[in-house]
Amino acid sequence: MVFFFSVTTPFGIAFGIALSSVYKENSPSSLITVGLLNVSSAGLLIYMALVDLLSADFMGPKLQGSIKLQIKAYIVVLLGAGGMSLMAKWA
């Protein structure tokens, strides 16, 4: 794992330099590739946020013991997601 971690960045840089001469920014294949990579990154981020981070908070004994606190937590999560969506419109 140490070897893989230490080789990943230099390999990615070399790969990017090699592809920079043949890469066409507006070609359909490059747009599809970039779109697929963005979608997979966003999916991983959503999974990490919902399953790994929020589930630990929402399944805790303090939140499970109070319906009022659960409702407030859900409202705050939805407001946060809405705020991030609104900011993404201008990003």
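Quick note: the sequence shown uses my numbering, first residue 20, plus one each step.
Each residue gets a CB set at the ideal place from its N, CA and C atoms; glycine is no exception.
Please read all numbers here as calculations on a predicted model, not as lab measurements.
#1: Taking C-beta to C-beta, are L72 and V96 nearer than 8 angstroms?
#2: Do you know offhand how far A68's Cα is from S25's?
#3: If you run the structure through DSSP and keep just helix, strand and coil, what is K43?
#4: Let's see if you can read the secondary structure: which residues bound the alpha helix (DSSP H) around M106?
#5: Tell me the residue span of the alpha helix (DSSP H) that contains L82.
#6: Tell me the DSSP secondary structure of M67 in three-state form.
Quick look at the numbers:
#1: The residue you call residue 72 lines up with position 53 of the sequence shown. The residue you call residue 96 lines up with position 77 of the sequence shown. No, these two residues do not count as a Cβ contact at 8 angstroms.
#2: Along the sequence shown, read from residue 1 onward, the residue named residue 68 stands at position 49. Along the sequence shown, read from residue 1 onward, the residue named residue 25 stands at position 6. Near 27 angstroms, if we compare the C-alpha coordinates of S25 and A68.
#3: In the sequence shown, residue 43 corresponds to position 24, counting from 1. Coil at K43, not helix or strand.
#4: The residue labelled residue 106 in the question sits at position 87 within the sequence shown. 86 to 109 is the span of the alpha helix (DSSP H), which, as asked, contains M106.
#5: On the sequence shown, position 63 is the one that residue 82 refers to. Unbroken alpha helix (DSSP H) run through L82: 80 to 83.
#6: In the sequence shown, the residue the question calls residue 67 occupies position 48. Of the three classes helix, strand and coil, the one that applies to M67 here is helix, per DSSP.
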